[in-house]
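Novice: So the sequences go chain by chain: H and D. The first sequence begins at 1 in the UniProt record's numbering and counts up one residue at a time. The second sequence begins at 1 in the UniProt record's numbering and counts up one residue at a time. Cβ atoms here follow ideal geometry from the backbone N, Cα and C, with glycine treated the same way. Computed from a predicted structure; not experimentally measured. Supplied in structure tokens, the structure appears directly below.
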Amino acid sequence: MTRIDEEAVDWAARVADRDFTDWDGFTTWLEADAARSARYDAAVLALAGAERTVAQLPAGTSVVATASQKPGPARPHAGRWLGAAAAAAVIGAIGVTAWQERAKPYAVETRAGEQRVLALADGSSVILAGGSRVMLDRADQRRAIVEAGEALFRVRHDAARPFRVDAGGLALTDIGTVFDVKRAGALTRVAVSEGAVLVDPDGAALRLDAGETVVAEGDRLVEGRVAVSDVGAWHEGRLAYDGAPLGEVAADLSRQLGRRVRVSPAVATRQFQGTLDLPSLRSDPATLGALLDVRVHVDASGWTLEPRE
Amino acid sequence: MPPTGLEAVYLDNRDRLVRFLVARGAGDAAEDLLHDLWIKVSARPNGPIDNPLSYLFRAADTLMIDRHRSRIKAQARDHAWSEASASEAATGERVVAARQEVARVAQVLADLGTRRETVFRRARIDGVSQRQIAAELGVSLSTVEADLRVACRALAALKEEL
Numbered sequence: 001m002t003r004i005d006e007e008a009v010d011w012a013a014r015v016a017d018r019d020f021t022d023w024d025g026f027t028t029w030l031e032a033d034a035a036r037s038a039r040y041d042a043a044v045l046a047l048a049g050a051e052r053t054v055a056q057l058p059a060g061t062s063v064v065a066t067a068s069q070k071p072g073p074a075r076p077h078a079g080r081w082l083g084a085a086a087a088a089a090v091i092g093a094i095g096v097t098a099w100q101e102r103a104k105p106y107a108v109e110t111r112a113g114e115q116r117v118l119a120l121a122d123g124s125s126v127i128l129a130g131g132s133r134v135m136l137d138r139a140d141q142r143r144a145i146v147e148a149g150e151a152l153f154r155v156r157h158d159a160a161r162p163f164r165v166d167a168g169g170l171a172l173t174d175i176g177t178v179f180d181v182k183r184a185g186a187l188t189r190v191a192v193s194e195g196a197v198l199v200d201p202d203g204a205a206l207r208l209d210a211g212e213t214v215v216a217e218g219d220r221l222v223e224g225r226v227a228v229s230d231v232g233a234w235h236e237g238r239l240a241y242d243g244a245p246l247g248e249v250a251a252d253l254s255r256q257l258g259r260r261v262r263v264s265p266a267v268a269t270r271q272f273q274g275t276l277d278l279p280s281l282r283s284d285p286a287t288l289g290a291l292l293d294v295r296v297h298v299d300a301s302g303w304t305l306e307p308r309e
Numbered sequence: 001m002p003p004t005g006l007e008a009v010y011l012d013n014r015d016r017l018v019r020f021l022v023a024r025g026a027g028d029a030a031e032d033l034l035h036d037l038w039i040k041v042s043a044r045p046n047g048p049i050d051n052p053l054s055y056l057f058r059a060a061d062t063l064m065i066d067r068h069r070s071r072i073k074a075q076a077r078d079h080a081w082s083e084a085s086a087s088e089a090a091t092g093e094r095v096v097a098a099r100q101e102v103a104r105v106a107q108v109l110a111d112l113g114t115r116r117e118t119v120f121r122r123a124r125i126d127g128v129s130q131r132q133i134a135a136e137l138g139v140s141l142s143t144v145e146a147d148l149r150v151a152c153r154a155l156a157a158l159k160e161e162l
């Protein structure tokens, strides 16, 4: 690191302190050379990235990870696209969840068929779909982890304290926002209906604006569009799809209806595009057959979606 | 009615804030950016602010950091999409690189020692003020500042290498 980079890191550390007031000193340092501002930006991002990795390592047990793994040579094209992969790898490699040591986490769960509205102290709210689980933190009201199911976030924006959501190894921060996060097997879907969200803020920093979605599987991201009115429509009793496998639709129906809906392997990967109205399905599973072009077999254990004869 | 509170502080310090934004790389756009920033800041729900001037400077600094992020985002995004369609081997390589990163960060933390690691975690991850950390650890504020400086430099240097 050059001397300027070291100074830039020092400023980044100082400025982040809530008691920092030496803005004139900082301005003077910046003004000495027009290149310094960019070095400071780089330092802020480098620290944010380091922070995320540190947060995922258990405190004080850092030796464990180094015992057998000698760091190899730097990889020039590993690039900035490390965030999601790093998060996933950490969970896989050392078996800890991405949660902080000092945090006071607690879980909120819903049964299938249930919905819950959580009002957070900062004015934000989270609506939990049926069969879902979200971790919140009493020590930090501005973060959440979607562990299962689906949640619709209505975040009160605060530029100084972005709201952070983790889901399936994917990190998100809000930029003034209503957005939906859903875990479906190995997939994590994010859809924005208002404002914007940064996906993997310290890596790809992919910005999703209203009407945009991203589907993440491992470290692979696929971007798409969505009608704004369809985002989180489940909380108004609608499930809207623009090409989702029936397996996922069945899992959603199970959670939202509180009734076991299975899908036979023959049709599990078939794509569905359209909107399902939950209240009418609740009373009449036959409609579902027509909408999904399947036969709905009903027995004591629930509904099974099967191919039509 | 004369402006009060945050607005009065804003009006009194517009020049300093513009100068800061210029120094932060805003160039000719500094005036416009400050104006937009004020519109946003003034729309926030009312609540007590410890130090209004510092609050405004911080908002300006955060704005410039966000702009920097958006700039690199475009490149990162193209890069990510092309990589996302690349072979499985590339995915494997990223996982290996990510594991190496974790191992290196763990090594740096081990080298830093427990107190510096604690200071880094409390300050950077838990968002606790350096003054409070000093009180918690029973050391002077300047010790905490020095610990944090060393830890941040070591971790940032690592990030740069990667």
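Which residue's Cα is closest to the Cα of residue 58 of chain H: D:110, D:147, D:15 and D:49?
Specialist: D:110
Novice: So that I know if they touch, is there some Cβ in chain D lying closer than 8 Å to that of residue 10 of chain H?
Specialist: yes
Novice: List, in chain order, every chain D residue whose beta-carbon is nearer than 7 Å to that of residue 325 of chain H.
Specialist: Outside the shown range of chain H, which is 1 to 309, sits residue 325 of chain H, and nothing can be said about it.
Novice: Could you tell me the alpha carbon to alpha carbon distance between residue 31 of chain D and residue 292 of chain H, rounded to whole angstroms?
Specialist: 56 Å
Novice: State the CB to CB distance for the pair residue 151 of chain D and residue 144 of chain D, rounded to an integer number of angstroms; the pair is presumed to be in contact (CB under 8 Å).
Specialist: The pair is not a contact, with the Cβ atoms about 11 Å apart (cut-off 8 Å).
Novice: Evaluate the contact criterion for the stretch 180-187 of chain H versus the stretch 146-153 of chain H: three or more CB pairs, one atom per stretch, below 8 Å.
Specialist: Because the criterion of three Cβ pairs below 8 Å is met, the stretch 180-187 of chain H and the stretch 146-153 of chain H touch.
Novice: Which whole runs of the alpha helix (DSSP H) in the stretch 111-152 of chain H are 4 residues long or more, in chain order?
Specialist: Segments of the alpha helix (DSSP H) lying fully in the stretch 111-152 of chain H: there are none.
Novice: For my contact list, residue 278 of chain H and residue 238 of chain H are in at a C-beta cut-off of 8 Å; report their separation, rounded to the angstrom.
Specialist: 7 Å
Novice: From this set, H:159, H:268 and H:258, which residue's C-alpha is nearest residue 42 of chain D's C-alpha?
Specialist: H:159
Novice: Please list, in chain order, the chain H residues whose beta carbon lies closer than 7 Å to that of residue 62 of chain D.
Specialist: 159 and 160
Novice: Do residue 56 of chain D and residue 13 of chain H come within 8 Å of each other at the CB atom, strictly closer than that value?
Specialist: no
Novice: Around the Cβ of residue 309 of chain H, are there at least 16 other Cβ atoms within 10 angstroms (buried) or fewer (exposed)?
Specialist: Label assigned to residue 309 of chain H: exposed.
Novice: Would you call the CB atoms of residue 53 of chain D and residue 50 of chain H closer than 8 Å?
Specialist: no
Novice: Give the interface partners of residue 19 of chain H over in chain D, defined as CB-CB distance under 8 Å, in chain order.
Specialist: 129, 130 and 131
Novice: Whose C-alpha, out of H:232, H:46 and H:144, is nearest the C-alpha of residue 179 of chain H?
Specialist: H:232
Novice: DSSP on residue 290 of chain H, reduced to helix/strand/coil?
Specialist: helix
Novice: If the criterion is Cβ atoms closer than 8 Å, does the pair residue 152 of chain H and residue 175 of chain H meet it?
Specialist: no
Novice: In this structure, how does DSSP classify residue 51 of chain D when only helix, strand and coil are distinguished?
Specialist: Looking at residue 51 of chain D - three-state DSSP - the assignment turns out to be coil, as it is neither helix nor strand.
Novice: Let me check one thing: in DSSP terms, what residues is residue 273 of chain H bridge-paired to?
Specialist: H:242
Novice: Name the chain D residues that come within less than 7 Å of residue 43 of chain H, Cβ to Cβ?
Specialist: Going along chain D in sequence order, the residues near residue 43 of chain H (Cβ under 7 Å) are 156.
Novice: I'd like to know if residue 76 of chain D contacts chain H, where contact means its C-beta is closer than 8 Å to some C-beta of that chain.
Specialist: yes
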